[in-house]
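Asker: I have a structure I would like to understand better, so I am pasting it below and will then ask my questions one at a time.
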Amino acid sequence: MNWRGWLTLALLLASIAGGIAILRQQKQLRGDGQAEARPDYVLHDFEIVTLKKDGSEGFTLRAPELARNPDNREMDIRTPTFLFPDKHGSRWRSQSRTAWVNAEGSEVRLRGDVRLDNPGGVNRTRLETASLDVFPDAERATSQDEVVVTQPGSIIRGRGLEAQLDQNRVTLKSEVRARYAPSIQ
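If you're matching positions, the sequence shown starts at 51 in the numbering used here and goes up one per residue.
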């Protein structure tokens, strides 16, 4: 074979290798078909108060970061602290790793190391779970995960939760186990 044959073979191999590299790159660049929406605004180290339709407070939110999706007006929040008012003017306090709030502010989804503390008084209560959905307008909260309810003198564990925040009432749905210890006064 002369030098032209070798050159043709080398160019053919180089073009095949280039085509394979391009195909691999295209596969890596292809996503799942949905583009991630860029937030229309981002808040840092903020506090906001949302209002219900009747003008009363829906909830207060403090967090280091909030990003709002411009397409559906939903908010994603990092390490939030929410204060949910009850009918007596006290506030349930919640903390979690992340949260999501729908456009109307009528649903709050707390995810990751969720803690919810009642306003206090004689029966101080703390709820701990992996996820909690709060509905401020209805003054209720739900969870399908394992929940730990701690009160003075008792620790109650169960799966599934229905809480009426306005009545300070918590119902565990299944697999309920309790440990009681008398309070020392």
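Even for Gly, the Cβ is constructed at its ideal location relative to N, Cα and C.
1. Anyone know if the C-beta pair for LEU215 and LEU182 falls short of 9 Å?
2. Can you grab the Cα-Cα spacing for the pair THR129 / PRO89, in whole Å?
3. Pull up the CB-CB distance for LEU166 and SER144, whole angstroms please, since I reckon it's below 8 Å.
4. Please state the DSSP three-state secondary structure of SER193.
5. Considering only residues of the region 99-123, which uninterrupted beta strand (DSSP E) runs meet the minimum length of 3 residues and lie entirely inside it, listed in chain order?
6. I'd like to know if the region 102-119 and the region 188-206 are in contact, where contact means that at least 3 CB-CB pairs between them fall below 8 Å.
7. Return the first residue and the last residue of the beta strand (DSSP E) that PRO135 is part of.
8. What is the DSSP secondary structure of SER156, reduced to helix, strand or coil?
9. Tell whether a beta-carbon distance below 9 Å holds between THR200 and LEU211.
10. Does DSSP put GLY55 in a helix, in a strand, or in coil?
Answerer: Taking the structure as given:
1. Walking along the sequence shown from the start, residue 215 turns up at place 165. Walking along the sequence shown from the start, residue 182 turns up at place 132. Pairing LEU215 with LEU182 gives a Cβ-Cβ distance that is not under 9 Å.
2. As a working note, residue 129 is residue 79 in the sequence shown. As a working note, residue 89 is residue 39 in the sequence shown. If you draw a straight line from the Cα of THR129 to the Cα of PRO89, it is about 18 Å long.
3. Position 116 of the sequence shown, counted from the start, is the residue given in the question as residue 166. Position 94 of the sequence shown, counted from the start, is the residue given in the question as residue 144. About 5 Å separates the two Cβ atoms, so the contact holds.
4. Here residue 193 is taken as the residue at index 143 of the sequence shown, counted from 1. In the three-state DSSP reduction, SER193 falls in the strand class (E or B).
5. With a minimum length of 3 residues, the continuous beta strand (DSSP E) runs that stay inside the region 99-123 are 107-118.
6. Output reads no: the region 188-206 does not touch the region 102-119.
7. Working through the sequence shown from its first residue, we reach residue 135 at position 85. Residues 131-135.
8. Taking the sequence shown and counting its residues from 1, one reaches residue 156 at position 106. Note: SER156 maps to coil in three-state DSSP.
9. Position 150 of the sequence shown, counted from the first residue, corresponds to residue 200. Position 161 of the sequence shown, counted from the first residue, corresponds to residue 211. Contact flag unset, no.
10. Residue numbering aside, residue 55 sits at position 5 when the sequence shown is read from its first letter. Helix, per DSSP.
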